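**Student:** Numbering (this note's numbering), first residue to last: 15 to 381.
Every residue, glycine too, gets a C-beta built ideally from N, C-alpha and C.
On a predicted model such as this, the values are computed, not experimentally measured, just so you know.
Quick one: the structure is below, questions incoming.
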């Protein structure tokens with residue numbers, strides 16, 4: 015509130031005014047910035063700029079083959095490489111080089127450097143399934159396997175000028191932390207889809223069994239290495255759809271799901287080794303149970319739906335920061351209880367003429 019009152023709604027980063035950003039890093043502030051409450055942090059009123067870079071490379075091949083009239087086999091082999099850098103021109107760490115006037119930053123040199131949070135992910139996997147049709151039953155079973163190797167680092171690079179640095183940077187002069195992660199994911203599923211009452215009633219039931227193993231190695235810094243596994247042997251899924259007539263249908267579903275632990279800054283390895291070891295015996299993967307029931311209408315000009323739902327989250331996972339987000343300090347990671355959400359939602363779409371549709375939706379939720 016203090017910043018908004020003194021700087022206004024139109025306040026932004028210093029870019030492209032490089033000299034002003036350098037002056038601010040040295041503690042030479044304009045009057046409005048200098049008037050900010052010191053507890054708020056005049057140095058954080060604005061930065062030179064920030065950006066995020068991403069590069070993805072994907073490849074895959076698929077097989078889709080009919081064994082006979084009732085049996086079909088599908089398989090997809092895939093590979094994904096993802097590299098990312100988040101750039102922040104920090105006034106807290108100087109770029110090495112010529113001596114700079116004393117200020118609130120640390121180090122010798124230009125009083126701004128480019129701090130990055132950067133990652134690299136290389137993952138390969140296969141998704142396979144077999145479908146068998148027998149009478150009113152369509153049975154589908156499948157297996158997903160994936161191997162992922164990833165890295166995470168907090169680096170600093172010299173900022174020699176205000177030129178836009180929207181490129182992947184190399185050769186950092188400082189590294190706060192660096193970790194590697196090897197993640198193995200396996201999941202089996204089987205389901206049966208039944209068609210009854212001449213196709214008016216359809217039911218789908220099955221379950222999945224996910225298992226995600228992470229092995230982390232800490233290379234630089236005070237963050238944790240170690241191993242952790244999230245696994246559920248039986249997560250059921252059930253869905254029913256009943257056609258009332260040519261335009262209306264009722265539907266209902268129930269399912270259970272699991273959210274596995276994550277490698278990287280938002281997972282349990284963002285803690286210190288001592289905090290990780292202390293919390294590991296009681297840490298649980300987050301789960302959810304979902305229920306939904308509703309009605310859908312599809313006419314020539316009008317489509318509408320109304321549904322009621324309930325979602326019950328248990329063992330919610332939360333990373334608890336021990337300092338401001340811009341400070342490279344490990345946090346803690348814990349289960350923080352459960353959350354239940356109940357609600358009703360409705361939507362309508364009206365198309366009186368071709369190429370023109372009027373849409374409205376309303377939602378009521380209690381958490």
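Of all the options 163, 176, 290, which has the alpha carbon lying nearest to the alpha carbon of residue 61?
**Tutor:** Of the listed residues, the one whose Cα sits closest to residue 61 is 176.
**Student:** Grouping DSSP H, G and I as helix and E and B as strand, with all else coil, what is residue 366?
**Tutor:** Of the three classes helix, strand and coil, the one that applies to residue 366 here is strand, per DSSP.
**Student:** Beta-carbon separation of residue 135 and residue 105 under 8 Å?
**Tutor:** No. Outside cutoff.
**Student:** Classify residue 282 as buried or exposed, calling it buried when 16 or more other Cβ atoms lie within 10 Å of its own Cβ.
**Tutor:** Its Cβ being crowded by 16 or more others within 10 Å, residue 282 is buried.
**Student:** Taking the runs of the beta strand (DSSP E) that are 3 residues or longer, which of them lie wholly in the stretch 281-345?
**Tutor:** Whole beta strand (DSSP E) segments, 3+ residues: 300-312, 316-328, 331-334.
**Student:** Am I right that residue 162 and residue 137 are in contact with their C-beta atoms under 8 Å? What's the rounded C-beta distance?
**Tutor:** About 4 Å separates the two Cβ atoms, so the contact holds.
**Student:** Measure the beta-carbon distance from residue 192 to residue 206 and round it to whole angstroms, keeping in mind my assumption that it falls under 8 Å.
**Tutor:** Their Cβ separation, rounded to whole angstroms, is 48 Å, which puts residue 192 and residue 206 out of contact at 8 Å.
**Student:** Between which residues of its own chain and residue 353 is the CB-CB distance below 7 Å, once the five residues before and five after are set aside?
**Tutor:** Excluding positions up to five away in sequence, the list reads 327, 330, 381.
**Student:** Secondary structure at residue 43, three-state DSSP: helix, strand or coil?
**Tutor:** Three-state result, residue 43: coil.
**Student:** Going by DSSP, what residue range makes up the beta strand (DSSP E) through residue 183?
**Tutor:** It is not in any beta strand (DSSP E) - residue 183 carries neither H nor E in the DSSP assignment.
**Student:** Are three or more beta carbon pairs between the stretch 280-294 and the stretch 232-243 nearer than 8 Å?
**Tutor:** Cβ pair count under 8 Å is three or more, so yes.
**Student:** Can you check DSSP and say which residues form a bridge with residue 56?
**Tutor:** Paired residue(s): none; residue 56 is not in a bridge.
**Student:** Relative to the C-alpha of residue 86, which candidate in 147, 304, 359, 39 has its C-alpha closest?
**Tutor:** The shortest Cα separation from residue 86 among 147, 304, 359, 39 belongs to 147.
**Student:** How far does the beta strand (DSSP E) with residue 272 in it reach, from first residue to last?
**Tutor:** It spans 262-273 - the beta strand (DSSP E) in which residue 272 sits, taken as one unbroken run.
**Student:** Taking the straight line between their C-alpha atoms, what separation do you get for residue 168 and residue 131?
**Tutor:** Going from the Cα of residue 168 to the Cα of residue 131 covers about 5 Å.
**Student:** Assuming residue 194 and residue 231 are in contact, meaning their beta carbons sit under 8 Å apart, how far apart are those beta carbons, in whole angstroms?
**Tutor:** Rounded, the Cβ-Cβ distance is 5 Å, consistent with contact.
**Student:** Taking the beta carbon of residue 76 as the centre, do at least 16 other beta carbons fall within 10 Å, making it buried, or is it exposed?
**Tutor:** By the neighbour-count rule (16 or more Cβ atoms within 10 Å), residue 76 is not buried but exposed.
**Student:** Mind checking whether residue 29 and residue 97 have CB atoms under 8 Å apart?
**Tutor:** Contact: no.
**Student:** How big is the Cα-Cα spacing for residue 307 and residue 255?
**Tutor:** Whole-angstrom Cα-Cα distance: 10 Å.
**Student:** Could you check the C-alpha separation between residue 264 and residue 258 for me, to the nearest Å?
**Tutor:** If you take the alpha carbons of residue 264 and residue 258, they lie about 7 Å apart.
**Student:** Pick out whichever of 67, 319, 346, 305 has its Cα sitting closest to the Cα of residue 262.
**Tutor:** Nearest option by C-alpha distance: 319.
**Student:** So residue 365 and residue 315 are in contact, right, with Cβ under 8 Å, and what is the actual spacing, rounded?
**Tutor:** The pair is a contact, with the Cβ atoms about 5 Å apart (cut-off 8 Å).
**Student:** Taking its Cβ as the centre, do 16 or more other Cβ atoms sit within 10 Å of residue 190, making it buried, or is it exposed?
**Tutor:** The residue is buried, with at least 16 neighbouring Cβ atoms inside 10 Å.
**Student:** Would you say residue 272 and residue 295 are within 8 Å of each other, going by their C-beta atoms?
**Tutor:** Result no, Cβ atoms of residue 272 and residue 295 do not sit closer than 8 Å.
**Student:** Give every residue of the same chain whose Cβ lies closer than 7 Å to the Cβ of residue 78, excluding the five residues on either side of it in the sequence, and list them in chain order.
**Tutor:** Correct list, in chain order: 88.
**Student:** Does the separation of the CB atoms of residue 334 and residue 277 fall below 8 Å?
**Tutor:** It is not a contact, given that the beta carbons lie outside the stated cut-off.
**Student:** Using only the alpha-carbon positions, how far apart do residue 212 and residue 93 sit?
**Tutor:** C-alpha separation (whole angstroms): 42 Å.
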